[in-house]
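Scroll down for the structure; my scribbles are underneath it.
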Amino acid sequence: MKQRPASACLRIVSVLFIVGIIAFLVFSGSLTLLRQPVFTSYYENRSLEPIPEYSLAGILDGSYFSSLNTYLQEHAVGRNTLLRWETIMNLNILRRPVVNDVVIGEDVLLARQDFWIYEQDDLRLLVEAAADRIAGHARAAEEYGGRFYYVAVPHQALAFSDDYPPYMQSHEDYYLDAAALLADALQERRVSFLDMWAYFRGNGSLREVSSRVDNHFSIVGALETGRQLLERISADTGRELHYLEEENCHIQWLPNHYLGSRSRKLFDLWPSDERLGIVVMENESQFTRTDRSSRTVGEQISSRVYVLPSSPDETVSYNLYMGGDWGFTEIATDRHELPSILVYGDSFTNPVECLIWQGFDKMYSFDFRHYSEYDLDELIAMYQPEIVVCIRDYEAVLKADGNGQ
Amino acid sequence: MVFSSSAFLICFFPLLLLCYFLLPKRCLSGRNVVLLLFSLAFYAFGGLRYFWLLCVCILTDYLAGIAIDKCTLPKHRKLLLILCITITLGLLGYYKYAGFAAAVAVSLGISISIPEIVLPIGISFFTFQGLSYVVDVYRSDAPVQKNPLNVALYISLFPQLVAGPIVRNTSIAESLRQRDHTLDGFSRGLTRFLLGLGKKMLLANAMGQIADSVFALAGHPSLTASLAWIGGIAYTFQIYYDFSGYSDMAIGLGLLFGFHFEENFNYPYISDSITDFWRRWHISLSSWFRDYVYIPLGGNRCSRGRHVFNLLLVWFLTGLWHGANWTFLLWGIYYGLLLFLEKYPLRSILPKVPAVIRRILTLLLVVLGWILFRSDSVAKAGMYYQALFGGSGFSSSQTVYYLREHSWEFICCILAALPITRVLEKRFLGSGAKPWTRTTARVLSMAFAALVFLLSYMQLEYGGFNPFIYFQF
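Going down the list, the protein sequences come from chains A and B.
Our numbering numbers the first residue of the first sequence as -17 and each following residue consecutively.
Our numbering numbers the first residue of the second sequence as 3 and each following residue consecutively.
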């Protein structure tokens, strides 16, 4: 019997539909299994699930298969493309206020903050505990005549708190309370405290010193932090540490496209003309640099603090500063008449370290998220630097893990 | 393994199709073996530790069926049935309820240790499915399956193995011996599967994120009334699209291989009474309890007192089936009481209430029930209810955030809960529709399913948030 046109059309479309879907699955599966494994995800900035190791226990309790599923998911061919499409859809079609955990502002990308309310008493306890820890390190430095400085810098949410939608929280009030309590607590414990958030608020430059596409501050913020720190050290020690003044250095902006931590989460789909800058000194000293980290094997020697791109077309990231986070870095300038300095903290120290090493014979830099050979007090006793500086942002200031030890 | 996973979609499923359809149509027994092996592998993917449990259930049900069928004495047949039920429910009782029972005993002052027992995936489903086969054989409602592979396949068939629907042997016994594989059936099955995948990946998961965040705030002052309601509504959508999506996938997969499973959901959120709700929600479970517990107890063909007892017992057991926690028990009793009210004191009043009001009230009662169901404990449920009615204030910026962030999902959840598809199917695919209208409608539905699949696959790659609610059963 001759097939009617409608039925024939339906058959053809059905076949195309079935073949299309099945072919997609077959090719996805085959290519995923046959391709070379990818170890990291550039845009997610993390390691991907490795091929699970076979074990009897894993087979029995199902964990092997669960890990295998995660491996297949993370190594699926076309994954990055699909993630980009998802992000484009959320940004441009569905226009969600938060995409990939990033709050989409008018001209700024911010971190989505969890909703929570705080109790004043709980905050006070946290501040007292943090102040006790910090004071302990200050005393360790003072034992041999050293000086300790604690520098708190504003994180991005504080610089752009007004850019959050009214129904979302920046927790500015929490950090304002924390800052006030911390200042009092550190003063009680005779710890020299430099509150850069108060400083930037005071001179109205908060928005200029913070990045719009990254959680860190900009080179402008780092430079001003370095200046204020050296001013304080100069005033306390009588040493002339004014090499970061305007007449001695200037900022050179790189033409390269800047991929910040926020814009990276959006697969670089959000248009931004923000640039990274480096500070160029009028007179720069020679130095050698040694790095060690729990992530690398052995030591690495170099003679640069900025990891500059090889061409203007290369995209740069915050890793420009010091090459990212290192467990241990030593910069030696071989000028023994100058003091030594020990700096520790999270990533906010990186651009500041690029600047301040100039005025010291040795700069020891530690990031305890990637270093565990000795604790801070042991290192202070070992190196006996004249100056010990901690630089932390307000989001981390009260935390006891990592660099909050 | 779950259907909404990379392992299933890009490995298991294509490989199964290849192995199954490589065998010629006339080799149905070979195809059944392929299905059986893949179904067992599907279950083993969750861990081999409890694989033996599935095998024991299959063996018990097979041997019980054979023995009951061969036995002529009613007394012996009954004994065999009781033995099978005891073994099966004993296994279910141990793995699912031993810890809970021990915790209750401890709370009553009895000094015993509480065992830490891992709940094997799907145990509530495949035990009930196997029992329904044995009882049907006992009642002579279903023919005995002499071929053990058929029993094994019936119980372990992967589309419905770990989360239902609970399939009666009578509905697929014939299909095990003979079934058609048509292009139309395959495309319909694939469409159904992909739409079910979309329900799970695009709707249920998004609602689940909201529900999990909000329910975690029970007892916290930040749980305001608006937030509590949003959380309750989100969970109402999550559980529906999660479970009905899984059922759609199971039914769709069954169609691919020529099996026709019964519908498990029928737009339950438009119900105009609790009675109506339970005719539309998890139909395979409610009909299982009706046929194997309620009716054998006498149903409603007995004194009023006995009827009420039957009702409350069945709903107590229904709650218990869902989980080993007081919240599930109370949830079951909650529905038992509501049904009692509908059947007795409100029987003459309800029909007089306008249908719209009845539907709204029913939905409200259902949402309130889900809050109890979802809560970690009775105490947390109490705190949640308190917040629901203004215990911690009314407004919350977090509510606005969830509505803004997931506005599309909420709109789609509301629309998909309405029988729009049914209306469209009747209009464009019904017998009165012209051939080209039907063809166009089918083509559009396949195109829509393909789009939903692409979005779902994107979401799969994107998310790490992919829990299945009913997997605790």
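For every residue, glycine included, the Cβ atom is placed at its ideal position computed from N, Cα and C.
Three-state class that DSSP yields for residue i in the structure shown
i: A:Ala134; result: strand
i: A:Gln340; result: helix
i: A:Ile86; result: strand
i: A:Gln234; result: strand
i: B:Cys21; result: helix
i: A:Arg77; result: coil
i: A:Ala160; result: helix
i: B:Ser164; result: Contrary to the premise, residue 164 of chain B reads as Val rather than Ser in this sequence. If DSSP states are grouped into helix, strand and coil, B:Val164 belongs with coil.
i: B:Thr238; result: helix
i: A:Val298; result: strand
i: B:Ile272; result: helix
i: A:Ala93; result: strand
Separation of residue j from residue i, as counted between CA atoms
i: A:Arg317; j: A:Pro367; result: 14 Å
i: B:Phe128; j: B:Thr62; result: 12 Å
i: A:Glu110; j: A:Glu170; result: 11 Å
i: A:Phe142; j: A:Ile338; result: 27 Å
i: B:Leu50; j: A:Gly327; result: 47 Å
i: B:Gly254; j: B:Leu197; result: 9 Å
i: A:Tyr53; j: B:Leu457; result: 21 Å
i: B:Leu390; j: B:Ser228; result: 7 Å
i: B:Val402; j: B:Trp317; result: 37 Å
i: A:Glu154; j: B:Ser379; result: 35 Å
i: A:Leu92; j: A:Ala382; result: 25 Å
i: A:Pro19; j: A:Ala58; result: 10 Å
i: B:Asn171; j: A:Met71; result: 45 Å
i: A:Leu108; j: A:Asn385; result: 15 Å
i: B:Phe470; j: B:Asp244; result: Below a pLDDT of 50, predicted positions are generally treated as unreliable, and B:Phe470, at 39, falls in that range; the measurement from the model is reported next regardless. About 7 Å.
i: A:Arg274; j: A:Glu377; result: 26 Å
i: A:Ser284; j: A:Leu290; result: 13 Å
Buried versus exposed, by CB contacts within 10 Å (16 or more), residue i
i: B:Gly148; result: Checking the sequence shown, residue 148 of chain B turns out to be Lys, not Gly. B:Lys148 should be labelled exposed.
i: B:Gly466; result: Here the model assigns B:Gly466 a pLDDT of 49, short of 50, so the residue's position is not dependable, and the following value carries that caveat. Exposed, because fewer than 16 other Cβ atoms sit within 10 Å of the Cβ of B:Gly466.
i: B:Gly432; result: exposed
i: A:Glu281; result: exposed
i: B:Met209; result: buried
i: B:Lys202; result: buried
i: B:Leu365; result: buried
i: A:Leu324; result: buried
i: A:Arg374; result: buried
i: B:Pro356; result: exposed
i: B:Ser275; result: buried
i: B:Asn312; result: buried
i: B:Gln400; result: buried
Cβ-Cβ distance between residue i and residue j below 9 Å
i: A:Ile3; j: B:Leu192; result: yes
i: A:Phe21; j: A:Leu15; result: no
i: B:Ser126; j: B:Lys98; result: yes
i: B:Met251; j: A:Glu68; result: no
i: B:Leu155; j: B:Leu178; result: yes
i: A:Thr315; j: A:Phe348; result: no
i: B:Pro223; j: B:Ser8; result: no
i: A:Gly203; j: A:Ser192; result: yes
i: A:His352; j: A:Gly305; result: no
i: A:Leu248; j: A:Val90; result: no
i: B:Val310; j: B:Phe342; result: yes
i: A:Ile362; j: A:Ala123; result: yes
i: B:Pro270; j: B:Val368; result: yes
i: A:Ser(-11); j: B:Pro437; result: yes
i: B:Gln162; j: B:Gly256; result: yes
i: A:Ile369; j: A:Gly127; result: no
Those residues which DSSP pairs with residue i across a bridge
i: B:Ala418; result: DSSP output for B:Ala418 lists no bridge partner at all.
i: A:Ile313; result: A:Arg271, A:Met345
i: A:Phe405; result: Because residue 405 of chain A is not part of the residues shown, which for chain A are -17 to 387, the question remains open.
i: B:Thr439; result: In DSSP, B:Thr439 forms no bridge with anything.
i: A:Cys372; result: A:Tyr132, A:Tyr326
i: A:Arg28; result: A:Ser23
i: B:Leu199; result: Beta-bridge pairing links B:Leu199 to no other residue.
Per-residue contacts from residue i into chain C (C-beta, under 7 Å)
i: B:Glu463; result: Looking at the structure shown, chain C is missing, and the protein chains on hand are A and B.
Any non-hydrogen atom of the ligand NAD within 8 Å of residue i CB
i: A:Pro237; result: With respect to the ligand NAD, the structure shown offers nothing to examine, as it has no ligands at all.
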